Each structure stands twice: as C-alpha cells, then as structure tokens.
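Engineer: Be aware that the sequence shown starts at 61, since it is given in the working numbering, and climbs by one per residue. Sharing a structure with you now.
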Amino acid sequence: MQININKISSRIGSIAGAPSLSKSVQPRILMIGSALTAMMLIAGCSPTQATQNESASGQKDISLLNVSYDVSRDFYKDYNALFSANYQKENPDSKIDINQSHGGSSKQALSVANGLQADVVTFNQESDMNLLVEKGLVAADWQQALPNNAVPYTSTMVLLVRNGNPKNIQDWSDLARNGVDVVIPNPKTSGTARYAFLGAYGYGLHQFKESVENPTKTDDFIKKLLANVVTYDNGARAATTSFTQRGLGDVLITTENEAHLAVKQFAKGKVDIVYPSYSIVIKNPVAVVTAVTEKGGKTEAATAYLKGLWDTPAQELMAQMYMRPSNEQVLAAHKDTLPDIDTFEPVKVFGSWAQIMDTFFVDGGRFDQLARVE
C-alpha cells in the first residue's frame, strides 16, 4: 500500500496547530508523525520517493522496441496493430505502443549488444541471438521460454527472376552459368545472405554427393556463382530494391516471403518466383531482452508480445505474409502459396551455428576464399 507522507504530515501539522487541541494530545500526534517518518526510512525511501513510486505504479502506457531483421518489417507492422488491439481489450486502462527497428540481422544484433535498448529481438539466425546471450542481455534459456524453441515461423530461400524468366533459370546450378548476373545481400552483415550462400552450398553438396570436409566440386560451383554477383547490399530489403527498382541483375536470391511481396507489391508484373529443387530452412528465433525489460518493468508486456506470435490470428497473418507458421494446420491451409519443398536444416549439414560462422563467415573464412577475385 502506498502512503502519501506529505498529506499525512500536513494533516498532523494542521491538527497540532488547532487552537482547541489539548496539550495532552499533541505529544501523541508528534509521536505518530515520528513513527510514520521512521517507517518510511526503514522502507528505504524518502517522502518524495514515496510520491514518485505512487506515480509510477499508476502509469498505464507501455512502449516496447522490437529490433528485427530486414525483411520482417511488413509482417511486424501488421502484427503490432493486431497485438495492440488485443492488449487494449484485455487491459482497458492501459495502452501499448510498439516501435520497430529493422536492418541486417547481424548488424541489428551488434547494435543491441552495443547499447540499443531493445525490449524484444526477432532475428533470422540463432548465432545473432547467441551474441546477446554472451553479453548477458538475453537469458541463456531463451529457447525454453517460448513454444517451438522460440521459433514462431520459418522460411526458405527462393530465386526471383525477371518476368517471363528470360534467362531460363530453374535451379541453383543456373546461377553459375556465364552471362547470369546475381544479386544477394552481404553475408558479413545479413543473415538472409548467409542463408543464400548456405542454400547454394548445401545444394552443391547434395548435387555432387560431397561432404563439408571434401567439397571440391561444390567449391568450384560456388566460385562461379559468386563471380556472377553484381552487388552485395547490406540487407535483404536493400538487395530487393537493387533488383526491382535499380534493375540490377537477372536473379535475386531472397527469402520466400520477400519474393512473394515483390511479386504482389514491389514489382508487380515484373518478376517471377522460381523454387529451387533443394533449399534451406530458415528459422526465425525471438526473445525478450530481459536485461532491458527488467529495468523498465516491461518483462510481462514484452513476453506477452512474443507469446502472441503463436496465437492463431498471428499464425494466420504469417501465412498471409508468405511466412511458414509453426502451426501445421494453418500452414496446410496455405499450400497454394506455401508449397511443399525439399529442404535441409543448416545445423544438420554444417554443424552448429558457431561452427558455421567459424567455417564460412569469419574474416578469411570459406566465403571470403571463394568470393575472392583472382
């Protein structure tokens, strides 16, 4: 219970100063005032602090910052409105405001690690989440805090080509042909670009029946593919802009949801989607940045925001935005736009994300070796 000591002290003072007050009562009042002051000191707060706490407890407005990867912005824009409306119904005296920040997944993770005050993070790569765990910003058991190991939806990599597919691109192998210009983001800054590279690399291993330890034909294939890359943009949306608006390249390697948005919105009538014969599963992990929310008293709201991603309306919204929801029934209802595909999980082919990063994406790693212009 909050006690306004200023009001009580003022009341006591007025009583103490009343002409009709007997002298025998005055000491008792002074004792009460002293006792109340002592109670406040024992509680570890001053009269001014008590008033501030009362004000804080009455504060009903909550603001959350979702720091996310590049091509999720359209989904979260709609999900934020859905969640805020539901939150308002369940908490009529409260109002919640969701702010968004989007960019290359790894750049976003570094920004949070360096002080960006995210309340929740919604990435497309586990290694970016692991960085925040190492920094003590996200709890080590973040995967157990939410359903499905904290992955509300998945995606995959597809090929976006010019309308009518003039270069007759049918699969990953066609990207290594002479005369085919390729657009992808930069694997050093973009999680989507890493999936693009690993998708092509996994296809090579599968096609040539090779292992990661002995990938001779695969390396040769990837060298040719990377030699055809005409631009490495910082993020996936920037790569989409280069392809659809700047007219660069014959093919864009991008996520399934981004490709569909390009077909429906960004470049309607100008591009087509090609599903490769074998592609990669993209898992999109989410977590509360507890080091931030606990200081601001927002952990409960932030957790509710992420848990809402598994509610049926949110899962349906994912499917409508061409993401593959974890709810199998919702996914099955959208087979016309999210068809069955042959995929592989990167950790089952290449090892843990720590191993993947050390093998392929550190400075001087396999990506740098294969992308080198000789």
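Cβ atoms here follow ideal geometry from the backbone N, Cα and C, with glycine treated the same way. Just so you know, these numbers come straight off a predicted model, no measurement behind them.
#1: Is it true that the stretch 238-258 meets the stretch 290-308, where meeting means three or more beta-carbon pairs spaced less than 8 Å apart?
#2: Skipping 5 residues on each side, what residues in its chain have a beta carbon closer than 7 Å to that of Lys358?
#3: Less than 6 Å between C-beta atoms, sequence neighbours within five positions excluded: which residues of the same chain meet that for Gln389?
#4: State the Cα-Cα distance for the pair Lys257 and Asn159, rounded to the nearest angstrom.
#5: In the DSSP assignment, find the unbroken beta strand (DSSP E) run with Asn159 in it and report its ends.
#6: Counting C-beta neighbours from all protein chains within 10 Å, is the total for Asp423 16 or more, i.e. buried, or is it exposed?
#7: Identify which residue in Thr419, Asp402, Thr372 and Asp280 has its Cα closest to the Cα of Leu391.
#8: Nearest to Asn190 by alpha carbon, out of Gln177, Gln168 and Pro207?
#9: I'd like the span of the alpha helix (DSSP H) that includes Ala253, first residue to last.
#10: For Tyr139, name the three-state secondary structure that DSSP assigns.
#11: Could you check if Ser154 is buried or exposed, using at least 16 other CB atoms within 10 Å of its CB as the buried criterion?
#12: Output the boundary residues of the beta strand (DSSP E) element that contains Arg222.
#13: Going by DSSP in three states, Thr353 sits in which element: helix, strand or coil?
#14: With contact counted as at least three CB pairs below 8 Å, one residue from each stretch, are the stretch 127-135 and the stretch 312-323 in contact?
#15: By Cβ distance, which residues of its chain are closer than 7 Å to Ala322, with the 5 residues on each side in sequence left out?
#16: On the DSSP letters alone, give me the boundaries of the beta strand (DSSP E) that Tyr129 sits inside.
#17: Starting from the C-beta of Gln429, find all residues in its chain whose C-beta is less than 6 Å away, skip the five residues before and the five after it, and write them out in chain order.
#18: Taking the alpha carbon of Met436 as the reference point, which residue from Asn126, Val127 and Tyr139 has its own alpha carbon closest?
#19: For Gln325 and Met381, what's the separation of their Cα atoms in angstroms?
#20: Could you work out which residue in Arg432, Thr403, Val240 and Val346 is closest to Val311 when comparing CA atoms only?
#21: For Tyr292, which of helix, strand or coil comes out of DSSP?
#22: Candidates Asp188, Lys120, Asn209 and Thr314: which alpha carbon is nearest Ala260's?
#23: In chain order, what residues of the same chain have a beta carbon less than 7 Å from the beta carbon of Phe427, not counting five sequence neighbours either side?
#24: Closest to Asp130 by CA distance: which of Asn184, Ile156 and Asn146 is it?
#25: By how many angstroms is the C-alpha of Gly356 removed from the C-alpha of Pro399?
#26: Anyone know if the C-beta pair for Leu8 and Val348 falls short of 9 Å?
#27: Have a look at the DSSP bridge pairing and note the partners of Arg384.
Structural biologist: Considering the structure as presented:
#1: Touching, yes, given that three or more Cβ pairs across the two stretches are closer than 8 Å.
#2: Same-chain partners within the cutoff: Ile122, Leu124 and Asp179.
#3: Once the five neighbours on either side are set aside, Gln389 has no close Cβ partner at all.
#4: Contrary to the premise, residue 257 reads as Phe rather than Lys in this sequence. If I take the Cα positions, the gap works out to 31 Å.
#5: Here the beta strand (DSSP E) through Asn159 covers Lys155 to Gly163.
#6: Per the 10 Å Cβ criterion, exposed.
#7: The residue with the shortest Cα to Cα distance from Leu391 is Thr372.
#8: With distances taken between Cα atoms, Asn190 lies closest to Gln168.
#9: Where Ala253 is concerned, the enclosing alpha helix (DSSP H) stretches over Gly251 to Phe268.
#10: Note: Tyr139 maps to helix in three-state DSSP.
#11: It counts as exposed.
#12: Start and end: Tyr213 to Arg222.
#13: In this structure, Thr353 counts as helix in the three-state DSSP scheme.
#14: Yes: at least three Cβ pairs fall under 8 Å.
#15: Counting only Cβ-Cβ distances below 7 Å, and skipping sequence neighbours, we find Leu220, Thr300, Thr304 and Val331.
#16: Per DSSP, the continuous beta strand (DSSP E) segment holding Tyr129 begins and ends at Asp121 to Tyr129.
#17: The answer is none, since no qualifying residue turns up.
#18: Because the chain spans 61 through 434 in this model, residue 436 falls outside it and cannot be assessed.
#19: Going from the Cα of Gln325 to the Cα of Met381 covers about 12 Å.
#20: Checking every option, the nearest Cα to that of Val311 belongs to Val240.
#21: DSSP places Tyr292 in strand when its eight states are reduced to three.
#22: Comparing Cα positions, the closest option is Thr314.
#23: Taking Phe427 as the centre and dropping the five residues before and after it, the same chain places the C-beta of Pro247, Phe257, Phe420 and Phe421 closer than 7 Å to its C-beta, in chain order.
#24: When each option's Cα is compared against that of Asp130, the closest is Asn184.
#25: A straight line joining the alpha-carbon of Pro399 with that of Gly356 spans about 43 Å.
#26: This structure gives no information on residue 8, because the portion of the chain shown stretches from 61 to 434.
#27: In the DSSP assignment, Arg384 forms a beta bridge with Thr214.
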